[in-house]
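Q:
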Amino acid sequence: MSVIELFEVTDKVDQTDLQLDTNGRLRHLLTMHGLDRQRITALLDEAETYLSNIGKPVVRSSALRGKTVANLFFEPSTRTRASFDLAATRLGADVLNLDVNTSSRKKGESILDTIYTLQAMQVDVIVVRDAQSGVPAYIARHVNDFVSILNAGESDVAHPTQALLDLLTIRLHKGEFQNLTVAIVGDIAHSRVARSASEALVTMGVKELRLISPESLAPAAGSVPPQAKILHNLDEGVRGADVVMALRIQRERIGNIDGIPGIDEYFANFGVSHERMNLAAPDAIVMHPGPMNRGIEIESSLAESPNSVICEQVRNGVAVRMAVLATVVKTLDSQ
Amino acid sequence: MSVIELFEVTDKVDQTDLQLDTNGRLRHLLTMHGLDRQRITALLDEAETYLSNIGKPVVRSSALRGKTVANLFFEPSTRTRASFDLAATRLGADVLNLDVNTSSRKKGESILDTIYTLQAMQVDVIVVRDAQSGVPAYIARHVNDFVSILNAGESDVAHPTQALLDLLTIRLHKGEFQNLTVAIVGDIAHSRVARSASEALVTMGVKELRLISPESLAPAAGSVPPQAKILHNLDEGVRGADVVMALRIQRERIGNIDGIPGIDEYFANFGVSHERMNLAAPDAIVMHPGPMNRGIEIESSLAESPNSVICEQVRNGVAVRMAVLATVVKTLDSQ
Amino acid sequence: MSVIELFEVTDKVDQTDLQLDTNGRLRHLLTMHGLDRQRITALLDEAETYLSNIGKPVVRSSALRGKTVANLFFEPSTRTRASFDLAATRLGADVLNLDVNTSSRKKGESILDTIYTLQAMQVDVIVVRDAQSGVPAYIARHVNDFVSILNAGESDVAHPTQALLDLLTIRLHKGEFQNLTVAIVGDIAHSRVARSASEALVTMGVKELRLISPESLAPAAGSVPPQAKILHNLDEGVRGADVVMALRIQRERIGNIDGIPGIDEYFANFGVSHERMNLAAPDAIVMHPGPMNRGIEIESSLAESPNSVICEQVRNGVAVRMAVLATVVKTLDSQ
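Residue numbers (numbering that gives the first Met the number 0), protein chains in the order written: chain A, 0 to 334; chain B, 0 to 334; chain C, 0 to 334.
1. Taking the beta carbon of HIS27(B) as the centre, do at least 16 other beta carbons fall within 10 Å, making it buried, or is it exposed?
2. For THR30(C), which of ASP44(C), VAL134(C) and ASP112(C) has the nearest alpha-carbon?
3. Within its chain, find whatever has a CB closer than 8 Å to the CB of VAL327(B); leave out the 5 residues flanking it on each side and keep chain order.
4. Beta-carbon separation of ASP93(A) and THR67(A) under 7 Å?
5. Whose Cβ in chain C lies nearer than 7 Å to the Cβ of THR116(B)?
6. Between the stretch 276-288 of chain A and the stretch 157-177 of chain A, are three or more C-beta pairs nearer than 8 Å?
7. For ASP44(B), count the other beta carbons within 10 Å of its own beta carbon; 16 or more makes it buried, fewer makes it exposed. Which is it?
8. Under 8 Å, with one C-beta from each stretch per pair, do the stretch 225-243 of chain B and the stretch 178-187 of chain B reach the 3-pair mark?
9. For ASP129(C) and GLU296(A), I'd like the C-alpha separation in whole angstroms.
10. Suppose the cutoff is 6 Å on Cβ atoms and the five residues either side in sequence are ignored; what does the same chain contact list for GLY316(A) look like?
11. Classify GLU303(B) as buried or exposed, calling it buried when 16 or more other Cβ atoms lie within 10 Å of its own Cβ.
12. Identify which residue in GLU47(B), ALA196(B) and ASP144(B) has its Cα closest to the Cα of MET321(B).
13. From ASP98(C) to ARG247(A), what distance separates their C-alpha atoms?
14. What do you reckon, are the CB atoms on GLY122(B) and ALA69(B) nearer than 7 Å?
15. On a Cα-Cα basis, can you pick out the residue from TYR115(A), ASP20(A) and ASP155(A) that is closest to GLN249(A)?
16. DSSP puts PHE72(A) in a beta bridge; with which residues?
17. Indicate whether at least one CB of chain B lies closer than 7 Å to the CB of ASP84(A).
18. GLY204(A) and GLN177(A): beta carbons closer than 7 Å?
19. Chain B beta carbons: is any one of them nearer than 7 Å to that of ALA245(C)?
20. Given a cut-off of 7 Å, decide if ASP241(A) and THR180(A) are closer than it, judged by their beta-carbon atoms.
21. Measure the Cβ-Cβ separation of ILE256(C) and SER190(C) and say whether it is below 7 Å.
22. Can you check DSSP and say which residues form a bridge with ASP93(A)?
23. Please list the terminal residues of the continuous alpha helix (DSSP H) segment that includes ALA267(A).
24. What is the rounded straight-line gap between the Cα of SER409(A) and the Cα of TYR265(B)?
25. Provide the residue span of the alpha helix (DSSP H) that contains GLU274(C), from first to last.
26. Taking CB distances under 7 Å as the criterion, tell me whether GLY54(B) reaches chain A.
27. Applying a beta-carbon distance threshold of less than 9 Å, which residues of chain A neighbour THR40(B)?
28. Does the distance from the CB of VAL243(C) to the CB of LEU278(C) come in under 7 Å?
29. According to the neighbour-count rule (16 or more other Cβ atoms, all chains shown, within 10 Å of its Cβ), is SER76(A) buried or exposed?
30. Kindly indicate the opening and closing residues of the beta strand (DSSP E) around ASN255(A).
31. So with Cβ pairs under 7 Å, would you call VAL57(A) a contact of chain C?
32. Using the three-state DSSP reduction, which class does ARG24(C) fall into: helix, strand or coil?
33. Count the other C-beta atoms from every protein chain shown that fall within 10 angstroms of the C-beta of GLU274(A), then say buried if there are 16 or more, exposed otherwise.
34. If you drop the 5 nearest sequence neighbours on each side, which residues of the same chain put their C-beta closer than 7 Å to that of ARG140(A)?
35. If you compare alpha carbons, which of ASN22(A), ALA325(A), GLY174(A) and ASN306(A) is closest to ALA280(A)?
36. Going by the beta-carbon positions, is the gap between VAL57(B) and ARG89(B) smaller than 7 Å?
What follows is the structure in structure tokens.
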């Protein structure tokens, strides 16, 4: 009987309870679901204190001195792993990078035993990425009182630090969320980025959230907030939008979309391009979680245009992860 | 002519001499063989100073500030590599992790040339894991006076830091070794853990050491101390034991054991279970070096039971490795 | 349209301009081409300040405190990656090691987007190794004013820090370059080491530079300085030489060399041996960039002989990389 088989179906209410301690402080970060506007605003405010301009010294602190952060990535990742690594290092933590593909799993060690091992080594924060849904919550349910779990990407389900960096990027450019129309474009069905961002944007009270995709890649019922408008026409989706976020599409998937036999058709129908952006608000910003398929879901030169905030998203990602790390460690220390 | 072909057959007396310097100080840690009770006790005493309770800040020191520790793992490992990494980091060392599967060996570089390279980079301690027997001693014989070699797992032959953490765990629970009956269960024939632990436990003067395995997995003549009792019946082996250590069995091996066609039969005959533990001393502890095959060599719930000290073994592993690192570096510095 | 296809043919003049800032300070290190004797001498002088003898504490500094160095290796490497890692660490930098084979490239992320990501994370220095020629210069042309690119090995084209460590090793043994005859032996055609070393040695004004190889492995026209003598007979090449550098030959290549059906023939014709070294100057030094194929391009015992400076090359490599890191960071800070 494998531990994998024991995964409970993730109950959203459960997870929300799970990620706060009994005093309502953030203890784990598993999902954007259940984090209210005030808490998110506090995280963004703290993240802003870790920002510096490109070319200026990075902001450093000793908030995590003496702490150990383990990056436990069961899916390959360069950018998210690097971002957490730098965030922890710049807060003074010791960082342990574990490439689990090539070691424990070969030996058949269960995820939970790997976690128990890290916990016994007095690791304070475990950053987890896994291709299977339910893993971060499952782990969080089993760790002791002195360990915090951060979800760094979970199947199609959640990527909360990505949502926070998206919010921070939008807030830095647009100020308030209340008057914004946000369009998210692409493979909504399989995107943890879309799901976490949707939840967070609705919580922050955007005026309108549009999720635009081919029909066969529309979100499953109940997987996104009911406030979101589900659309299948990009012109309609982009019209008047203040924020346009293109999602990564897996190339293999393109062949299986009705009426979209190839990359050219995908780009023609769902590619975010200069031409399309003419329909958006004049000062609209263009976002992408990376890594980009240039010329497929986004026009290559658009990614370098003045309206693109894609590099800022990356910079803000480190700051947001510093804020999350500092927040959960403060919670652990106050137990 | 490959350097590999040059490996001498490892002479135990040789190795013992090799790991002490001319003043009798620990210079390398290659094997438990030849380490006497006094020296082991000193290492355990030092390791205890690095212990803190779960939830308390870890013990840190600057004993290795300015030193460089390289982890050179030719076999994949999560837990042992992480344990050495944290041990070195918490002593203030710089740590270099080398994944040698994917680089030098592809280019055909000999092990010894890799070692000479690290030595030339002024690495102070090289932690080596290798699937081939004789490699750590071979390396130790060739390094200069300023480098220490630590064996982090050598074929079926030796895993001395594992033996030390096992001893520390037993001592913390049982105090003295003289009155203890210790049972080690499983694939004794192929276990470096069993061999190093056996040598260490005999040196510490346990009352009785039992090695229990299927007949085809019994230790080769001369591979374990003559004081060990070789048994093939688990009930007999566990009866009255104060310490029961289950060993990892490779799943592939199970099909080749006489009368044990599958996992169920293995568990029925050699699995350490709650039921079996009823035969042991009432306060017996259950150990496992990890990673566990739950339901094969150990009943899953037993690993979480109050008698299980498996997580403590992991915590103690970091402390023991800190003690070994601090000890050999002190030896290097006093040359 | 892949970014790879966009690589411009590398113009040497261009690259030279590229690696200096408008005040003539070293901003990137891409090639030895265009670095004059004075600049090289300054780098070697600085590197010497980072040298300490084997067994003595390493030289450390805080020149890179608060800076981040990323090692971005698209080709596997143990020694060069480790050398840059230690160099950065010993200067107090935070180091980010990216194994790009197993992550971004799987996802099809372009090199340039990976660079933009690191740049957005406020990485200061990016150390790049790539199997494709033109990549380091291409990247350097696209980064912002606050990022420095160091070439850690580029296809068959350039390996400038290797050339610098070779120069430093020669200078430590021979003092001035003006009276030296240097012989480089082996697969000149495919060796970035030979190309960078040749350029550097000619700049430093050696009396004679000989490049010795089988005819089919001679350098392409224009790929090495015109001052170099191209030879195909090793006796002739080694005669009277003060420095003999053996190059690594890929085993697969040996079968395709005219008149050299196997390893024995290669060694007989182009192996640097004790016997051959009798033809060289009495105090000639033997060099090899590593990793060595002992018994193929170099006699194994010669590598351990008193004339061998192969381990010193490795030690000097760390010092040279510290000097380069400190120099480019000083340039960045003075923008």
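Here a beta-carbon is modelled for each residue, glycine too, at the ideal position from N, C-alpha and C.
A: In terms of the structure at hand:
1. buried
2. VAL134(C)
3. LEU25, ARG26, HIS27, LEU28, VAL124, SER147 and LEU149
4. yes
5. Residues of chain C whose Cβ lies closer than 7 Å to the Cβ of THR116(B) are, in chain order, ARG78, GLY289 and VAL313.
6. Taking 8 Å as the limit for Cβ pairs, the verdict is that the stretch 157-177 of chain A does touch the stretch 276-288 of chain A.
7. exposed
8. The stretch 225-243 of chain B is in contact with the stretch 178-187 of chain B.
9. Cα to Cα, the separation comes out at about 27 Å.
10. SER82 and LEU164
11. Looking at its Cβ environment, which holds fewer than 16 other Cβ atoms inside 10 Å, GLU303(B) is exposed.
12. GLU47(B)
13. Separation of ASP98(C) and ARG247(A) (C-alpha to C-alpha, rounded to the nearest whole angstrom) is 22 Å.
14. The sequence given here has Val at residue 122(B), not Gly. Result yes, Cβ atoms of VAL122(B) and ALA69(B) sit closer than 7 Å.
15. Cα-wise, what sits closest to GLN249(A) is ASP155(A).
16. ASP98(A) and ARG128(A)
17. no
18. yes
19. no
20. In this structure, the beta-carbon distance from THR180(A) to ASP241(A) falls below 7 Å.
21. no
22. According to DSSP, ASP93(A) bridges with THR67(A).
23. 262-269
24. In the structure as shown, chain A begins at 0 and stops at 334. Residue 409(A) is therefore absent and cannot be evaluated.
25. 273-276
26. yes
27. Those within 9 Å of THR40(B) in chain A number zero; the least Cβ separation is about 24 Å.
28. Result no, Cβ atoms of VAL243(C) and LEU278(C) do not sit closer than 7 Å.
29. Buried is the call here.
30. First-last for ASN255(A): undefined, no H or E at that position.
31. yes
32. coil
33. exposed
34. LEU17
35. Of the listed residues, the one whose Cα sits closest to ALA280(A) is ASN306(A).
36. yes
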